[in-house]
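Undergrad: Before I ask anything, let me first share the structure, which is written out below as structure tokens.
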Amino acid sequence: LRATYSENQLHEVLTDFWFNHFNVSITKNQCARFIPAFERDVIRPHVAGKFEYLLLATAKSPAMLLYLDNFSSVGVNEKLAKLADNKLVQKRIGKKMNLTSEQLEKAGKKRKEQGLNENYAREVMELHTLGVDGGYTQTDVTEAARIFTGWTIYPMGNFGAAVNMRKTIDKIGEDKLERNGFVHEGDFIFAMNRHDSKPKAVLGKTFSSGGYLEGVDLLKLLAHHSATAKFICKKLAVHFVNDNPPPVLIDKMTKTFLDTKGNISEVLVTLVSSPEFWSKESLRAKTKSPFEYAISTIRVLNADVAQPFLVNQWITRMGQKLYFYQAPTGFPDKAQYWINTGSLLNRMNFALALASKKIQGVSFDLATLNNNHEPESAQAALPIYARIMLPQRDIDPTIQRLKSFINNPDIHKNVEEASQNKEAAMRTQQDTLATNDRPVMEKPKQKGSRDSFGDNSMLAQVVGIILGSPEFQRK
């Protein structure tokens, strides 16, 4: 709904981009309930600001802490470790639990080995900042994981994993958390008693403050790193220009990123001010994702969405189940991932169903798009509505491609059948999308008869075919 009605399309595109960059998935059940807030309160406010602030906000989000398991990562606190290593304490614990000294020592060693979780530390370097070729090592990952120990979720109840943290807070006292090294900000808490207090070193820099600021300082280091600048700028160029953006453009954007300390707005200004952005090779070079495609059809029709449920189902059918991508990489941003025989046919099916008003919850008036002027025929409507649906484009090739089957009375049936059968799908794709000499299967008209403008049946088919055309798939 936000994407449909927003008057700031760039903000919506960036929200989609950054959510995908910092992907979290509903498939991990315990973080599912935090994902709406993650998009609304963590991603949206920072999409055009400093990358450093966006990175820090995502690192402290319950959705991210749960998705990449950092909420459970525990380091070795020297004070607690000394207490645990005290022979007298061990003897008392062993006696209470009926364990031998060997068993107790083995259990303690196992606890230390299992406490550290490296998932977030690895992904924040590989996927969020430096990139896979960013120059970090496995040792850097382990050291970063030690830095992020204690970054967890403020307990929201007295159940599950929250029980122990709630007991700790109650024991210390909410008003005394800060003086004991704890940091509480909204749903986030840094638990000093779970933090590895020994010095660490990442990318050649030593971190020894022994608290929350270690993590903040590391995120700043990563956010301003030259490898991060290049990695982020390349992803932005891939998203806004083409699947293989020119290196000279990436270099310009990277310089701006470093000069402005990661100001995303300034990087985008550099992007759109570059001749590479406006080159012939870049215009209309990107393919819309199913989400972008569905929203663009709704917006170009000036439609009202009373209930988005069925639109969401169609987006899933076209290959993009929103919020369900399991891997932290997010959806691939390349045409080859989105475009195949089945997806093209599902897109055509969606376009025809939408234009024919068969998708409940979405309403529009095709006539008003042309100031209520009635085209004389499907052939007359095609160029008129092609100009409306494809503004500022050379529509002549598209018109030539589409005119041969705009009057096909069986196109809905043909496309639906083709999408359900792989062999038929391949034949239909070749026939309808790759050629322009398909025989017209048009019902003969009675002399003097005209297509109905009142129910828009003729117009719906013309518009549906335009929206399903290869040209409309490009952005």
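In our numbering, the protein residues as written are 1 to 475.
C-beta: ideal position from N, C-alpha, C; glycine also.
Would you mind working out which of 185, 152, 229 sits nearest residue 193, comparing C-alpha positions?
TA: Comparing Cα-Cα distances from residue 193 to each of 185, 152, 229, the minimum goes to 152.
Undergrad: Applying the criterion that 16 or more other CB atoms from any shown protein chain within 10 Å of the CB defines a buried residue, is residue 133 buried or exposed?
TA: Exposed.
Undergrad: For residue 225, count the other beta carbons within 10 Å of its own beta carbon; 16 or more makes it buried, fewer makes it exposed. Which is it?
TA: buried
Undergrad: Please work out which residues of its chain come closer than 7 Å, Cβ to Cβ, to residue 445, disregarding the five sequence neighbours upstream and downstream, and give them in chain order.
TA: Its pLDDT being 36, under 50, residue 445 is placed unreliably in this model, and the value from its coordinates should be taken loosely. Cβ within range, chain order: n/a, list empty.
Undergrad: Looking at the structure shown, is residue 273 part of a helix, part of a strand, or coil, going by DSSP?
TA: helix
Undergrad: In chain order, what residues of the same chain have a beta carbon less than 7 Å from the beta carbon of residue 403, not counting five sequence neighbours either side?
TA: 379, 382
Undergrad: Okay, do the stretch 274-284 and the stretch 228-248 touch, 3+ Cβ pairs below 8 Å being the bar?
TA: yes
Undergrad: Can you list, in chain order, the residues of its chain whose CB lies under 8 Å from that of residue 361, leaving out five sequence neighbours each side?
TA: 305, 306, 307, 308, 309, 310, 311
Undergrad: Cβ of residue 281 within 9 Å of Cβ of residue 201?
TA: no
Undergrad: Taking the alpha carbon of residue 463 as the point to measure from, which residue in 333, 475, 390, 64 has its own alpha carbon closest?
TA: 390
Undergrad: Residues in the same chain with beta-carbon distance under 6 Å from residue 237, minus the five sequence neighbours each way, listed in chain order, please.
TA: 245, 249, 250
Undergrad: What are the boundary residues of the beta strand (DSSP E) that residue 224 is part of?
TA: Note, residue 224: premise wrong, no beta strand (DSSP E); not H, not E.
Undergrad: Looking only at its own chain, which residues have a Cβ that is under 6 Å from the Cβ of residue 20, when we skip the five neighbours before and after it?
TA: 330, 331
Undergrad: Quick one: complete beta strand (DSSP E) runs, 3+ long, within the stretch 292-326?
TA: none
Undergrad: Can you grab the Cα-Cα spacing for the pair residue 465 / residue 164, in whole Å?
TA: When the Cα atoms are used, residue 465 and residue 164 turn out to be separated by approximately 59 Å.
Undergrad: Measure from the alpha carbon of residue 461 to the alpha carbon of each residue in 473, 326, 353, then state which is nearest.
TA: Nearest of 473, 326, 353 to residue 461, Cα basis: 353.
Undergrad: Three Cβ pairs or more, each shorter than 8 Å: is that satisfied between the stretch 266-273 and the stretch 294-305?
TA: no
Undergrad: Could you tell me which of 24, 35, 185, 191 sits nearest to residue 73, measuring between CA atoms?
TA: Considering only alpha carbons, the answer is 191.
Undergrad: Do residue 203 and residue 221 have their CB atoms nearer than 9 Å?
TA: yes
Undergrad: Kindly indicate which three-state DSSP category residue 184 falls into: helix, strand or coil?
TA: strand
Undergrad: Exposed or buried, what is residue 423 when buried is set at 16 or more other beta-carbons lying within 10 Å of its beta-carbon?
TA: Because the pLDDT of residue 423 is 41, which lies under 50, any placement of that residue in the model is unreliable, and the number read from its coordinates should be weighed accordingly. With fewer than 16 Cβ atoms within 10 Å of its Cβ, residue 423 is classed as exposed.
Undergrad: So what does DSSP say about residue 289, is it helix, strand or coil?
TA: coil
Undergrad: Can you tell which of 175, 71, 43 has its C-alpha closest to the C-alpha of residue 147?
TA: Residue 147 has its Cα closest to that of 71, out of 175, 71, 43.
Undergrad: Should the stretch 54-72 be regarded as contacting the stretch 26-46, the criterion being three or more beta carbon pairs within less than 8 Å?
TA: The answer is yes - the stretch 26-46 touches the stretch 54-72, with three or more Cβ pairs under 8 Å.
Undergrad: Tell me whether the beta-carbon of residue 214 lies closer than 9 Å to the beta-carbon of residue 475.
TA: no
Undergrad: In whole angstroms, what separates the C-alpha of residue 29 from that of residue 210?
TA: 32 Å
Undergrad: Report the partner residues of residue 58 according to the DSSP bridge assignment.
TA: DSSP lists no partner for residue 58.
Undergrad: Could you tell me which of 182, 53, 471 sits nearest to residue 397, measuring between CA atoms?
TA: 471
Undergrad: Use the C-beta contact count for residue 47: other C-beta atoms within 10 angstroms, 16 or more gives buried, fewer gives exposed.
TA: buried
Undergrad: For a test of the three-state rule: what should DSSP assign to residue 26, helix, strand or coil?
TA: coil
Undergrad: Where does the unbroken alpha helix (DSSP H) through residue 399 begin, and where does it stop?
TA: Boundaries of the alpha helix (DSSP H) around residue 399: 396-402.
Undergrad: Go through its chain and collect everything with a Cβ distance to residue 260's Cβ below 8 Å, but skip five positions before and after it.
TA: Non-local C-beta neighbours of residue 260 in its own chain, meaning closer than 8 Å and more than five positions away in sequence, comprise 266, 267, ordered along the chain.
Undergrad: Between residue 179 and residue 173, what straight-line distance do the alpha-carbon atoms span, to the nearest angstrom?
TA: 11 Å
Undergrad: Which class does residue 35 belong to by DSSP, given the choice of helix, strand or coil?
TA: helix
Undergrad: By how many angstroms is the C-alpha of residue 385 removed from the C-alpha of residue 369?
TA: 8 Å
Undergrad: Return the Cβ separation of residue 145 and residue 117 in integer angstroms, given the expectation that the two are a contact with Cβ distance under 8 Å.
TA: Between residue 117 and residue 145 the Cβ distance is about 7 Å, and since that is below 8 Å, they are a contact.
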